[in-house]
Structures are given as structure tokens and as C-alpha cells.
Amino acid sequence: MGHLPQSASLTDYTALISGLVKNPKASVFVYRVGQSLYIAVRGSAGNREWLVIFGLTGIMETAFPPHDIDAYLGHPGFTELGTVEEVLA
Numbered sequence: 268m269g270h271l272p273q274s275a276s277l278t279d280y281t282a283l284i285s286g287l288v289k290n291p292k293a294s295v296f297v298y299r300v301g302q303s304l305y306i307a308v309r310g311s312a313g314n315r316e317w318l319v320i321f322g323l324t325g326i327m328e329t330a331f332p333p334h335d336i337d338a339y340l341g342h343p344g345f346t347e348l349g350t351v352e353e354v355l356a
């Protein structure tokens, strides 16, 4: 999909995701799909904004840089909770 350079390793991808979700200023959302709830974290890596989505068990479902992240998060089902710092306070 071209999200990462072809030379990127699993370690690079893990570091990118870890950096996104550990950033205290990253935005946290609840995402509801039917009866299922997910946690989504919006953050920046390099010059792109990424979205990382986790199940409530803490297992990552996906991570990607949406083409238009504001439009993506504007879909029904996303509710902003605050920043990582605020949510974990």
C-alpha cells in the first residue's frame, strides 16, 4: 500500500506504532462498529498522520495513514475522548 518504505522492517513498523500511541499529545477515540468497540489513536509520524486501531483486549487491528484523516474520523462511530495524556490521567 506504500505506507512505509519498501526497506522498512517489522521493527521499524513496531517503532512507528509505539511512538504514535505513546505520544501524550496523540488523540484517542472510541470507535463503535455494531456491538464492537475499538480504541483508535491519531498521531503523526514524519509528515503523515496515522491512525492505529486496537481491540479492547489491546491487540492492534490495523495502523495506516488515511488519505483524509479528518474525513475518516468524521464517520459515524468515532467519538473523541481526548489526548493520550488526558485519557491516562
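Start counting the sequence shown at 268; every next residue gets the next number (my numbering).
C-beta atoms are modelled at their ideal positions from N, C-alpha and C, and glycine is treated no differently.
All values derive from a computational prediction rather than experimental measurement.
Kindly list the residues whose CB is nearer than 8 Å to the CB of residue i, restricted to its own chain and excluding five residues on each side of it in sequence; keep chain order.
{"i": "Lys289", "result": "Val351"}
Nearest-angstrom Cα distance between residue i and residue j?
{"i": "Ser276", "j": "Phe331", "result": "15 Å"}
{"i": "Phe296", "j": "Thr346", "result": "5 Å"}
{"i": "Asp335", "j": "Gly310", "result": "13 Å"}
{"i": "Met268", "j": "Gly349", "result": "Because the pLDDT of Met268 is 47, which lies under 50, any placement of that residue in the model is unreliable, and the number read from its coordinates should be weighed accordingly. About 29 Å."}
{"i": "Ile326", "j": "Leu304", "result": "12 Å"}
{"i": "Val300", "j": "Pro343", "result": "9 Å"}
{"i": "Ala293", "j": "Gln302", "result": "26 Å"}
According to DSSP, which residues form a beta bridge with residue i?
{"i": "Thr350", "result": "Ser294"}
For the beta strand (DSSP E) that contains residue i, what are its first and last residues?
{"i": "Ala356", "result": "No beta strand (DSSP E) contains Ala356, which DSSP labels as neither H nor E."}
{"i": "Leu340", "result": "No beta strand (DSSP E) contains Leu340, which is instead part of the alpha helix (DSSP H) from 336–340."}
Within the continuous alpha helix (DSSP H) that includes residue i, where are the two ends?
{"i": "Thr278", "result": "277–289"}
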